[in-house]
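Just below is one structure, and these are the notes that go with it.
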Amino acid sequence: MRIGLALLLFAVIGLASAEAVYKCVGKGGAVNYQSHPCPATHQVAKSWDATPEPPPSDAELWRRYHQRKKADADSRYFSQLAGTARRGGSASVVYKNTPHQRSACEVARETRESFLLNSNTDVSHDVRRRLNDAVFDACE
2 MRIGLALLLF AVIGLASAEA VYKCVGKGGA VNYQSHPCPA THQVAKSWDA TPEPPPSDAE
62 LWRRYHQRKK ADADSRYFSQ LAGTARRGGS ASVVYKNTPH QRSACEVARE TRESFLLNSN
122 TDVSHDVRRR LNDAVFDACE
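The sequence shown begins at 2 in my numbering and counts up one residue at a time.
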């Protein structure tokens, strides 16, 4: 019962956006937290400033967003340098300016690697087998 009453009081306090919070102790040791001064029948055990912080400005939100994006990019870069980068996600495509015609074997291998890089690590055994069989058939 007391816990429920305390939770209800905290919810009311949260909605009131109080400038100060008062801890009032009544007869029998009943404790109340409220945003207005304690009544004469209660004793003020403690009071403190509870001015809510203003929400962040648009400039601050953008600063946080760009900071997070830069930290993510730095993390990916350093993971790649250390050789611990995660596989998956979007893979970059490298176009080669070579005059020779690519063999069917090369195309099959690149197709398999591209598929495995762009898919999750949860590629089933059957799908891997089909990809490997296609490479085997092309390279015979």
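Backbone N, C-alpha and C fix where the C-beta goes; we use that ideal spot for every residue, glycine too. Just so we're clear, the structure is a prediction, and the values are computed from it rather than from any experiment.
Local Cβ density within 10 Å of residue i, reported as buried at 16 or more and exposed below that
i, result
"residue 124", "exposed"
"residue 60", "exposed"
"residue 78", "exposed"
"residue 109", "buried"
"residue 128", "exposed"
"residue 17", "Caution applies to residue 17, whose pLDDT of 49 falls short of 50 and renders its modelled position unreliable; the value that the coordinates give is listed next. With fewer than 16 other Cβ atoms within 10 Å, it is exposed."
"residue 45", "exposed"
Residues of its chain near residue i, where Cβ-Cβ distance is below 6 Å and the 5 sequence neighbours each way are ignored
i, result
"residue 27", "43"
"residue 35", "23"
"residue 140", "106"
"residue 33", "25"
"residue 47", "24"
"residue 126", "none"
"residue 80", "86"
Residues bridged to residue i (per DSSP)
i, result
"residue 25", "33 and 45"
"residue 50", "21"
Supposed contact pair residue j and residue i - C-beta distance, whole angstroms, cut 8 Å
i, j, result
"residue 49", "residue 21", "7 Å"
"residue 132", "residue 103", "18 Å between Cβ atoms; not a contact."
Neighbourhood of residue i by C-beta, 7 Å cutoff - its chain only, sequence neighbours within 5 removed
i, result
"residue 39", "23, 25 and 45"
Chain B within 8 Å of residue i, Cβ atoms only
i, result
"residue 116", "Among the chains of the structure shown, chain B does not appear; only one protein chain is present."
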